[in-house]
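Let me begin by presenting the structure, written as structure tokens, before commenting on it.
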Amino acid sequence: MKKSTLTFFVAMLMGVTLAQQAIELKDSGTLGGGYRGATKASLTLAAKGIESTDLLEITDKLYQQYIEKLQQAGYTIVSADEAQSIKEFAGWERKRGGTLSEAQYPGFITSVPTGFEYFVKKTKDSGKEKSTFTDNSLKISKDIKATVVKVNVLIPFVEDAQSGGSKMLSDAAGGLVKVVLRPYLRVEKDPLPTTQAFGEFPQTVVTYAFMESLGVQAISNYHLKKNLDIPGVFEDKKYKAVETASVDNWGTDIGALTIFSVTDNFLMMAQPLPCDAKVYKESVYRAANEYLDATLKEFLNTTK
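This note's numbering puts the first residue of the sequence shown at 1, with every later residue one more than the last.
Dropping the structure here:
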């Protein structure tokens, strides 16, 4: 990638989950010669002890240190004031970080660094920020004559922990539903399990883009090859919610009719997971910073 001494951040976002719900549902239906009712099990795990200020503190520290490392490498950061007049941002909203949002990625709380200013095409009534349908980093780079940077770090804390064998037994049992979750804090390598517009990078990725002309342009996306585990924050334990269907095998004969009597069974469980905020902040920061450091070193090596 060609080196530019100017750098402009179009996005700097960290998304975490602090509560996650899983639901298993089986509809009512026949079972052998009888009938079973509908069955539903729901399990929610929620981190207890983390405040909004903790998330912003992590994001602010990551951004500040990232900026300092770029500056030490000889880069100048282009401000939003300098960027707002370019053609690509005409009619866009200028926004300022320092608050949390649950609208950007379903199930995630996202944070943007305090004081960080950026541009979005529009903000929907839900609070979700919209950009262009296709990534416009190269156009921005050409207009502003700088390397454009996008940073997106996603950190879930729960995973499905039901084994394949257990799922097969539940299916064979007919009316049995089971949800099994366990804490698993990590920087996630895979895309989010949700539909997002193309170009919004719904996964952990750092992107560097530079364009001088059609013949001189480059874009580099740095993804994780595997999850970056963050151990020692939550107890490594499985949590379960199990419900069994109401079944009437014989029914009641009423003349020429047989009436089956069943009820629909629904189970909802919520499990708070104690967490030391200091340990969480230190551990999440350390893992996210390790990833950002690695991507920055790789980028700097390609521009020597």
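For glycine and all other residues, C-beta sits at the position ideal for the given N, C-alpha and C.
Residues near residue i in its chain [Cβ-Cβ closer than 6 Å; skip 5 each side]
i: L6; result: T76, V78, A146
i: K142; result: M211
i: T59; result: M14, S111, P113
i: N221; result: V205, T207
i: P156; result: T17, E188
i: A209; result: S137, L138, S141, V148, I219
Residue i burial status per 10 Å Cβ neighbour count (16 or more: buried)
i: M168; result: With a pLDDT of 45 at M168, under the threshold of 50, the modelled position of that residue is not reliable, and no figure is offered here.
i: V279; result: exposed
i: L45; result: buried
i: K130; result: exposed
i: S52; result: exposed
i: P106; result: exposed
i: T207; result: buried
i: E24; result: buried
i: K150; result: buried
i: T295; result: buried
i: P231; result: exposed
Which residues DSSP lists as bridging residue i, in chain order
i: T44; result: Q21, A270
i: L192; result: BP columns for L192 are empty, so no partner.
i: K95; result: Y118
i: D236; result: Note: D236 sits in no beta bridge, so no partner.
i: S111; result: M14, L100
i: I77; result: T7
i: I219; result: A209
i: K225; result: The partner list for K225 (beta bridge, DSSP) is empty, contrary to what the question assumes.
i: E88; result: Paired residue(s): none; E88 is not in a bridge.
i: K130; result: K122
Endpoints, alpha helix (DSSP H) assigned at residue i
i: A80; result: 80 to 83
i: D54; result: 52 to 72
i: D305; result: In the structure as shown, the chain starts at 1 and stops at 304, and residue 305 therefore has no counterpart that could be examined.
i: K297; result: 277 to 302
Within 7 Å, strictly: CB atoms of residue i and residue j
i: L55; j: L181; result: no
i: K121; j: E88; result: no
i: F108; j: G15; result: yes
i: N152; j: V112; result: no
i: T114; j: G98; result: yes
i: V10; j: V148; result: yes
i: A22; j: V179; result: yes
i: A288; j: L18; result: no
i: K189; j: K128; result: no
i: Q103; j: S126; result: Per the sequence presented here, residue 103 reads as Ala, with Gln not at that position. Yes, these two residues count as a Cβ contact at 7 Å.
i: A73; j: L300; result: yes
i: Q271; j: V158; result: no
i: R186; j: L228; result: yes
i: P202; j: P191; result: yes
Residue i Cβ short of 6 Å to the ligand FAD heavy atom set
i: V177; result: Absence of the ligand FAD is noted for the structure shown, with no ligands found whatsoever.
Residue i, enclosing beta strand (DSSP E) - first and last residue
i: Y118; result: 117 to 120
i: S202; result: Here the sequence assigns Pro to residue 202, which means Ser is not the residue at that position. Run containing P202: none; DSSP gives neither H nor E here.
i: L154; result: 147 to 155
i: P106; result: No beta strand (DSSP E) contains P106, which DSSP labels as neither H nor E.
i: K178; result: 176 to 183
i: E159; result: 158 to 160
Neighbourhood of residue i by C-beta distance below 7 Å, restricted to the same chain and skipping five residues each side
i: A83; result: F8, F89, I144
i: M12; result: Y63, V112, P113, F116, V151
i: I67; result: I77
i: V233; result: L185, C275, V279, Y280, S283
i: W92; result: F119, V120, K121
Residue-chain proximity (residue i, chain D), Cβ-Cβ < 7 Å
i: F8; result: Absent here is chain D; the protein component of the structure consists of one chain.
Own chain partners of residue i with C-beta closer than 8 Å, once the 5 adjacent residues on each side are dropped
i: K281; result: D54, E57, I58
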